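Okay, so here's the structure we're looking at.
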Amino acid sequence: MSKSALKNAEKARRYKIKKKMRKAAEKEKRHEESKRKRKEWKEKLALMTEGRIGDSKKRGQAWKTGRFGVGFNFMYHLSDLPSFVSGKYVVLFDPHCKFLPRVCAAKPGKRIGFVSSSALQRHKDQFAPYIAFGCDMQNPYDGTLFRFPLRSVQQAEDSRLSRQSYTEDDMSSLLYELYLEAVPAMLFLKNIEVIEIYDWQEGASDPSRVYSCQVQSVSAEIRWHRQAFARLSMAQVAPNKGSSPVPNHDIFGLDFTSEVYSGVHKGIRRSESFLISQCMGATASRIGALAQNAAKDYDLHLVPWASIAANVSSDGTKVQNAMEGRAFCFLPLPAKTGLPVHVNGYFELSSNRRDIWYGQDMDRGGKLRSDWNVCLLEDVVASAFAQLLLEASRRLGHSSLYYSLWPTGNFSEPWLTLVRRLFSSVAELPVLHTPTGGGKWVSPVQALYHDEEFSDAENLAKALVAEGLPLVRVSF
Numbered sequence: 063m064s065k066s067a068l069k070n071a072e073k074a075r076r077y078k079i080k081k082k083m084r085k086a087a088e089k090e091k092r093h094e095e096s097k098r099k100r101k102e103w104k105e106k107l108a109l110m111t112e113g114r115i116g117d118s119k120k121r122g123q124a125w126k127t128g129r130f131g132v133g134f135n136f137m138y139h140l141s142d143l144p145s146f147v148s149g150k151y152v153v154l155f156d157p158h159c160k161f162l163p164r165v166c167a168a169k170p171g172k173r174i175g176f177v178s179s180s181a182l183q184r185h186k187d188q189f190a191p192y193i194a195f196g197c198d199m200q201n202p203y204d205g206t207l208f209r210f211p212l213r214s215v216q217q218a219e220d221s222r223l224s225r226q227s228y229t230e231d232d233m234s235s236l237l238y239e240l241y242l243e244a245v246p247a248m249l250f251l252k253n254i255e256v257i258e259i260y261d262w263q264e265g266a267s268d269p270s271r272v273y274s275c276q277v278q279s280v281s282a283e284i285r286w287h288r289q290a291f292a293r294l295s296m297a298q299v300a301p302n303k304g305s306s307p308v309p310n311h312d313i314f315g316l317d318f319t320s321e322v323y324s325g326v327h328k329g330i331r332r333s334e335s336f337l338i339s340q341c342m343g344a345t346a347s348r349i350g351a352l353a354q355n356a357a358k359d360y361d362l363h364l365v366p367w368a369s370i371a372a373n374v375s376s377d378g379t380k381v382q383n384a385m386e387g388r389a390f391c392f393l394p395l396p397a398k399t400g401l402p403v404h405v406n407g408y409f410e411l412s413s414n415r416r417d418i419w420y421g422q423d424m425d426r427g428g429k430l431r432s433d434w435n436v437c438l439l440e441d442v443v444a445s446a447f448a449q450l451l452l453e454a455s456r457r458l459g460h461s462s463l464y465y466s467l468w469p470t471g472n473f474s475e476p477w478l479t480l481v482r483r484l485f486s487s488v489a490e491l492p493v494l495h496t497p498t499g500g501g502k503w504v505s506p507v508q509a510l511y512h513d514e515e516f517s518d519a520e521n522l523a524k525a526l527v528a529e530g531l532p533l534v535r536v537s538f
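To convert, note that position 210 of the sequence shown is 272 in the numbering used here; the numbers rise steadily by one, no gaps.
So, in structure tokens, the structure goes:
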């Protein structure tokens, strides 16, 4: 055998070994992830079936989106007897202790191993709704299905959970609103890539899809960007981690497609594109010190994280959807900011969770929460916003779409504080375009601003450009 043949054979052998090692590592990673998820579910199931249905292990886990620990309780707005299937268990909750046998206030629920239970045969009508989406109620289900029997008018009269009843029409309206909110809902989340809404008509063998919204062209790179918060926040709380004096920035694009498959809106399809800038504040900084004080003095686990999302959807000549900016704490809040972008941050929220905590007449814990939000806006959000404008200038160029991302108009606090800091942050960044020298980008401190109200504005502009001055005509 020739030397070159031997060399090629050795290369092939090494490649096969590397491939086997990579597959083994991926298999081990999937196994560990599966073990972790099973452990989390066992802990959650234990909490739920031991009467601690309002509890959550996410409290104090700063990297978790559901850190407030109350999200699962939403089900009691809809139902007095919610349940779910996951793995080999079906779990049912009965806070009133009147629907299920042998339950009490200490343990107002049941966990049944449905693979080997005779209960499913005795109560087929109760478990039939779960036989969908690959679940046959005979084998363990690799997923989670929830069931919320809607509270009737009669049940609402006696319910100690809620006096609100729901009809099929009510749910149809709610689900349509969910479809409309699907893009904002997924915008700053780490893992959810698709939201689909189905309708299971009486007599039909399977549910049929009504709405869908999904992240387009999902790749390993997109997932890496979306999971930056979990990665960086866990690194921040890791023991023996050194302090970082520099914030960590990341920018990426995210595209969504939404479609309606039935009903009066059937056939409607829309696409939206976002530019997202995210930032983890430096640990060795003002906000890093504030986070340490919050943990020490008030047991508040805060992470200096924020992100900005700009809708850059366009038909090529104009902005497709003028966006009304909202505040987010990973999921959208009702609060409007007046900004042309969405602002997501690790905010402390008001008691009704409808707005971020802010006020100048607070003391102790309330003041710390307000100070944290202001500091987050000044030191992290403004930095992410500045980097977004810089990247948008490169991607969108000197266009009306680009300039639509700049904040203009009147703002109330605390968003006015953000706008002020933003303009300070971009002062030396090349974010304004001048036609001088064939066209280039200059910083606000370098720019010469044109007086559009001058009587001979056009000729003056031509003369200034001809002289090589960095003239900027702002079209905000």
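Backbone N, C-alpha and C define an ideal beta-carbon position, used for all residues, glycine too. Since the structure is predicted, the reported quantities are computational estimates derived from the model, not experimental observations.
Apart from sequence neighbours up to five positions away, the residues of its chain that approach Thr229 with a beta-carbon distance below 8 angstroms are Leu212, ordered along the chain. Here Tyr273 is bridged, per DSSP, to Ile259, Val322. Distances from the CA of Gly459 to each of Val442, Pro497, Arg225 were compared; the closest alpha carbon is that of Pro497.
Distance check between Thr479 and each of Gln226, Ser432, Ser178 places Ser432 closest, using alpha-carbon atoms only. Between Ala446 and Ile370 a beta carbon distance of about 5 angstroms is seen, short of the 8 angstroms cut, so the two are scored as contacting.
In terms of CA proximity to Ala282, Leu316 leads the group Leu316, Gly471, Ala297, Thr345. Runs of the alpha helix (DSSP H) spanning 4 or more residues and lying entirely within the region 445 to 490 occur at 462 to 465, 477 to 487, in chain order. Take the alpha-carbon of Asn521 and the one of Val527: they are about 10 angstroms apart. Given a length threshold of 3 residues, each whole run of the beta strand (DSSP E) inside the region 376 to 432 is given here in chain order: 388 to 391, 393 to 398, 404 to 407. Separation of the CB atoms of Ser274 and Glu219 is rounded to 37 angstroms, and the pair is thereby denied contact status at 8 angstroms. The residue from Lys169, Pro394, Val405 with its alpha-carbon nearest to that of Leu242 is Pro394.
DSSP places Gly350 in the uninterrupted alpha helix (DSSP H) bounded by 348 to 360. Under DSSP, the beta-bridge partners assigned to Cys341 are His311, Ala368. Counting C-beta atoms within 10 angstroms of its own C-beta, Val405 has 16 or more neighbours from the protein chains shown and is therefore classed as buried. Contact annotation: the region 283 to 297 touches the region 246 to 257, with at least three C-beta pairs closer than 8 angstroms. Taken through DSSP and simplified to helix, strand or coil, Glu334 comes out as strand. Per DSSP, reduced to three states, the secondary structure at Tyr228 is coil, with no helix or strand assignment. Excluding five sequence positions before and after Phe210, the CB atoms of its chain that fall closer than 6 angstroms to its own CB belong to Met137, Leu140, Ser141, Pro144, given in chain order. Leu143: not part of any alpha helix (DSSP H); DSSP gives it neither H nor E. Within 10 angstroms of the beta-carbon of Tyr203 lie 16 or more other beta-carbons, which makes it buried. Two segments are said to touch when three or more pairs of C-beta atoms, one from each, lie closer than 8 angstroms; by this definition the region 183 to 193 does not touch the region 157 to 173.
Separation of the CB atoms of Ser339 and Leu467 is rounded to 11 angstroms, and the pair is thereby denied contact status at 8 angstroms. Residues Ala194, Tyr260, Asp261, Trp262 of the same chain have their beta carbon placed closer than 7 angstroms to that of Pro269, with the five preceding and five following residues left out of the count. Secondary-structure assignment with DSSP links His495 through a beta bridge to Trp503. In the structure shown, Asn373 falls within a strand segment according to DSSP collapsed to helix, strand and coil.
Membership of Arg184 in the alpha helix (DSSP H) is indicated by the continuous run 181 to 184.
The shortest CA-to-CA distance from Asp312 to any of Arg457, Cys159, Glu453, Leu531 is the one to Glu453.
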